[in-house]
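Peer 1: First the structure, then my questions, so here it is.
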């Protein structure tokens, strides 16, 4: 275990993850619409030798728009803009399998991987919620299990497309006029329940072969999907016990899929609220929580767990919630919120405060030492391979983490002092995937 | 007419538009996969104060892959990478209405417009050909007229989405906690033959409001669509007479749509093969034509006109071709090729030579003076508002044009010496579109 290294992703969201971030004096709320704001964040994260920057996404307006900072950029285009001002850091975009075509999505990630020299990652989501479906010709979201079935088939198609050009397909002989060996370019000829795709992709194989595959669902369907396909999992875990249990569960599933325990990294989200003293950190956390607007927070919670809590008295405990089987949204986030509220007997107002920092992810207010201790404890204790770092304020929270927490982690030998590779897979210590067609007979297009 | 100004777009394609470009000693064929190659081209075009760079696209592997330079990048991501290294030049991406969802496409162009500070343009294509359809769950392409019907509805949806946030929807008051005025954000609630889309878009209105709308089909359906919707038309015209006739036809249609003649720019493609003497230019043209590989050229012609010419004897004239009504591909390109072959009584080999430079676009080998004279004659004679410049070799052909032709056009007062605005619409002299919802009653989301 001496050489086991932490993995850290910088989860970038607007001007900070705390839902009141845009109201805090430390932020410029117009940063949400300014590509230079995000370029600065990527440069700070790269200075901190983070494995990647990560962007969430949804295909609908979210929550209470009156009180929420607006979203502006589509993640793949924004990451492309970040690729051109960085040289090493990975670039992970969330994209849904629910409402796009595999051929298109395969092209976007291949193109990002080419542009960035092998730094693309795809956080695969299935898009819960009727509001998303209603932007794509449907009145209601598909059932949870069907969304995951579509995701699995979608991934099968995109994987085939990413492999459809062999690594050595290009000949490029000016003299003979042969650019490509057609025997090394393969049709996919997928015929499934959701898709029929001939292929090949209209692009050569990208530097990483395929983007790094990331998954963030922690439901039973989500874990099964991750164990089969994912190379990193982002997860929300409130307690060490829950985190350890999730970690063991997921790692145990890998062996049953014939995969090594190192082939998938488990990365809980963490909102570090930093201060030079614990009191200063707690003061910042309280400032942020005081800026929470309950009506906005209730709307966000309603969307997060898929149960309408509008109008519920703020100072009463939650009503009894439906069984998880009846939830068609993010099942694991629903369970996390229900368990948190029950375990700590929280009123709705108290619950909103607990969720305001990170939408269910753990919030830790403390000194850089305390945050580093926490990270080390989870890492050494086998509850995490690293963290998805979610600064409450941006850029200040990311700068503080890079300037004060990262040096401690480096001093303890837990985290790289410089990049040792150039691709996102290099940072994660994962090999370039073998091309699925390399084992098959060559076919002529 | 004294102040009428030329518009020039740099049509970037791999290492040059001539189909043998990658075989010529002047090119580095690996440029096709190198984002820095394209960034250099964009910088050269911006030095030449071009209105825009333009990228074509297809959603399938094209032609004879053995002998053709591979395509690598998806246009919107590539243009995003060019946006970050330029400051003024417009960025026009081709994207098909045939195989994507309007909500997704509206987001990509909105995001590119935000990232570039208002420089995005969309070249709207409908994607002919069964090979494209076969990557998207269909055995065959839709009928020509149906593709245009879908395109019109698609554009109606994206326009609604681009307008769904008023220009002044943001409040951003830290004190009250109001970020957005919900009364200035509108659902689209589109219910049509192909799409049902609720909206609003999950992004604020972009700097240009909407991307500049470009269209390149010159069939009857294409011209009708352009007259209603397009702000620029790219077209292939072999002779001044044809170009003048097309120009008058299209401009005449604008009035019938209640649009001014200046609201749409007509831009024929032009392949300038430059030399410091005419003999030198002709020598370069001959070098390139000598590198044409007939089997590859026949495959490309087959794809271009939708008629299979494989196996036809190279030194015989074309077989009799089907009536245009039977063509489900690019109808206008079919007619152009048929007319060219008949008018000049060309054998197949001769026709391939004529098409090798620009796939049906006019090829002009000459000195910078001769090319400038040609451009001025079409412009002054009312056959063009400018040109879509298609250098046969890249970067050398673009550099020669910027260094030797652009100065002549500037000296003649035909072309800008510096940018006078910052958006693509500014360069075209077009206003920011009025938001369609601005005239309607506000609606609450």
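Chains as they are written, first to last, in my numbering: chain A, 4 to 448; chain B, 4 to 448.
In this text, a Cβ means the ideal position worked out from N, Cα and C, and glycines have one as well.
Using 8 angstroms as the threshold, is the C-beta distance between residue 9/A and residue 412/A below it?
Peer 2: Going by C-beta atoms, residue 9/A is nearer than 8 angstroms to residue 412/A.
Peer 1: Can you list, in chain order, the residues of the region 119 to 133 of chain A whose Cβ is nearer than 9 angstroms to any Cβ on chain B?
Peer 2: Against chain B - using a Cβ distance shorter than 9 angstroms - the residues of the region 119 to 133 of chain A are 119, 120.
Peer 1: For residue 157/A, would you say it is in contact with chain B, using Cβ-to-Cβ distances shorter than 8 angstroms as the test?
Peer 2: Closer than 8 angstroms: no.
Peer 1: So if I threshold CB-CB distances at 9 angstroms, which residues from the region 195 to 218 of chain A count as touching chain B?
Peer 2: Those would be 197, 198, 199, 200, 201, 202, 203, 204, 205, 206, 207, 209, in chain order.
Peer 1: Check the Cβ of residue 92/A against every Cβ in chain B and list those closer than 7 angstroms, keeping chain order.
Peer 2: None at all; the shortest Cβ gap to chain B is about 15 angstroms.
Peer 1: Can residue 13/B and residue 401/B be called in contact, C-beta distance under 8 angstroms?
Peer 2: It is a contact, given that the beta carbons lie within the stated cut-off.
Peer 1: Going along the chain, which residues of its own chain have a beta-carbon closer than 7 angstroms to the beta-carbon of residue 403/A, five neighbours each way excluded?
Peer 2: Within the same chain, residue 403/A has close Cβ partners 277.
Peer 1: Starting from the beta carbon of residue 83/B, find every residue of chain A whose beta carbon is closer than 7 angstroms, and list them in chain order.
Peer 2: Ordered by position in chain A, the residues that pass the 7 angstroms Cβ test against residue 83/B are 80, 83, 84.
Peer 1: Specify the secondary structure class of residue 356/B as computed by DSSP and reduced to three states.
Peer 2: Three-state result, residue 356/B: helix.
Peer 1: For the region 38 to 93 of chain A, which segments carrying the alpha helix (DSSP H) assignment without a break, of at least 4 residues, lie completely within its bounds, in sequence order?
Peer 2: Fully enclosed alpha helix (DSSP H) runs of 4 or longer: 38 to 50, 78 to 86.
Peer 1: Please list the partners that residue 306/A has in chain B, where partner means a Cβ-to-Cβ separation under 9 angstroms.
Peer 2: Chain B residues near residue 306/A: none, gap ~13 angstroms exceeds 9 angstroms.
Peer 1: Whole angstroms are fine: how far does the CA of residue 96/B sit from the CA of residue 57/A?
Peer 2: One C-alpha to the other measures close to 26 angstroms.
Peer 1: For residue 311/A, count neighbouring C-beta atoms within 10 Å of its own C-beta (all shown protein chains included) and say buried if the count is 16 or more, exposed if not.
Peer 2: That one is exposed.
Peer 1: By DSSP, does residue 268/B sit in helix, in strand, or in coil?
Peer 2: Residue 268/B: strand per DSSP, three-state reduction.
Peer 1: What is the residue span of the beta strand (DSSP E) that residue 176/B lies within?
Peer 2: That run of the beta strand (DSSP E) goes 173 to 176.
Peer 1: Over what stretch of residues does the alpha helix (DSSP H) that includes residue 305/A continue unbroken?
Peer 2: Start and end: 297 to 308.
Peer 1: If you drop the 5 nearest sequence neighbours on each side, which residues of the same chain put their C-beta closer than 8 angstroms to that of residue 236/A?
Peer 2: Result list for residue 236/A: 217, 218, 219, 221, 229, 253, 267, 268, 269, 270, in chain order.
Peer 1: Below 8 angstroms between beta carbons: does that hold for residue 49/B and residue 92/B?
Peer 2: Going by C-beta atoms, residue 49/B is nearer than 8 angstroms to residue 92/B.
Peer 1: What is the DSSP secondary structure of residue 108/B, counted as helix, strand or coil?
Peer 2: Three-state result, residue 108/B: helix.
Peer 1: When you compare the CB positions of residue 59/B and residue 18/B, do they come within less than 8 angstroms of one another, or not?
Peer 2: Result no, Cβ atoms of residue 59/B and residue 18/B do not sit closer than 8 angstroms.
Peer 1: Suppose you measure from the CA of residue 3/B to the CA of residue 317/B; what does that come to, to the nearest Å?
Peer 2: Beyond the ends of chain B as shown, which are 4 and 448, falls residue 3/B; an answer cannot be given.
Peer 1: What does the Cβ neighbour count give for residue 429/B, buried or exposed, with the cut at 16 atoms within 10 Å?
Peer 2: With 16 or more Cβ atoms within 10 Å of its Cβ, residue 429/B is classed as buried.
Peer 1: With DSSP as the reference, label residue 377/A as helix, strand or coil.
Peer 2: Here residue 377/A sits in helix by DSSP.
Peer 1: Taking Cβ positions only, does residue 115/B come closer than 8 angstroms to chain A?
Peer 2: Residue 115/B counts as touching chain A.
Peer 1: Counting only the same chain and skipping the five closest in sequence on each side, list residues whose C-beta sits under 8 angstroms from that of residue 27/A.
Peer 2: The answer, listed in chain order, is 19, 21, 290, 291, 294, 396.
Peer 1: I want to know whether the region 191 to 210 of chain B touches the region 136 to 155 of chain A - three or more CB-CB distances under 8 angstroms.
Peer 2: The region 191 to 210 of chain B vs the region 136 to 155 of chain A: in contact.
Peer 1: Using a cut-off of 8 angstroms between C-beta atoms, extract the partners of residue 182/B located in chain A.
Peer 2: The answer, in chain order, is 25, 32, 68, 69, 70, 71, 72, 73.
Peer 1: In chain B, what lies closer than 7 angstroms to residue 165/A by C-beta?
Peer 2: Going along chain B, no residue has its Cβ under 7 angstroms from residue 165/A, so there is no contact; the nearest lies around 13 angstroms.
Peer 1: Quick one: Cα of residue 112/B to Cα of residue 159/B, how far?
Peer 2: Rounded to whole angstroms, residue 112/B to residue 159/B spans 15 angstroms at the Cα level.
Peer 1: So is residue 323/B buried or exposed if we call it buried at 16+ other beta carbons inside 10 Å?
Peer 2: Exposed.
Peer 1: Classify residue 309/A: buried if its beta carbon has 16 or more other beta carbons within 10 angstroms, exposed otherwise.
Peer 2: Buried, by the Cβ-count rule.
Peer 1: Using only alpha-carbon positions, find the residue among 319/B, 330/B, 339/B, 360/B that is nearest to residue 349/B.
Peer 2: Minimum Cα distance to residue 349/B is reached at 319/B.
Peer 1: Among all the DSSP beta bridges, which residues are the ones paired with residue 99/A?
Peer 2: According to DSSP, which records beta bridges pairwise, residue 99/A is partnered with 128/A.
Peer 1: Under 7 angstroms Cβ-Cβ, which residues of chain A neighbour residue 63/B?
Peer 2: Under the 7 angstroms cutoff, chain A gives 205.
Peer 1: Identify the residues that DSSP records as bridge partners of residue 368/B: which are they?
Peer 2: Beta-bridge pairing links residue 368/B to 276/B.
Peer 1: So, under 8 angstroms CB-CB, residue 273/B and residue 365/B are touching, yes? Tell me the CB distance rounded to an integer number of Å.
Peer 2: Contact flag correct, Cβ pair sits at about 6 angstroms.
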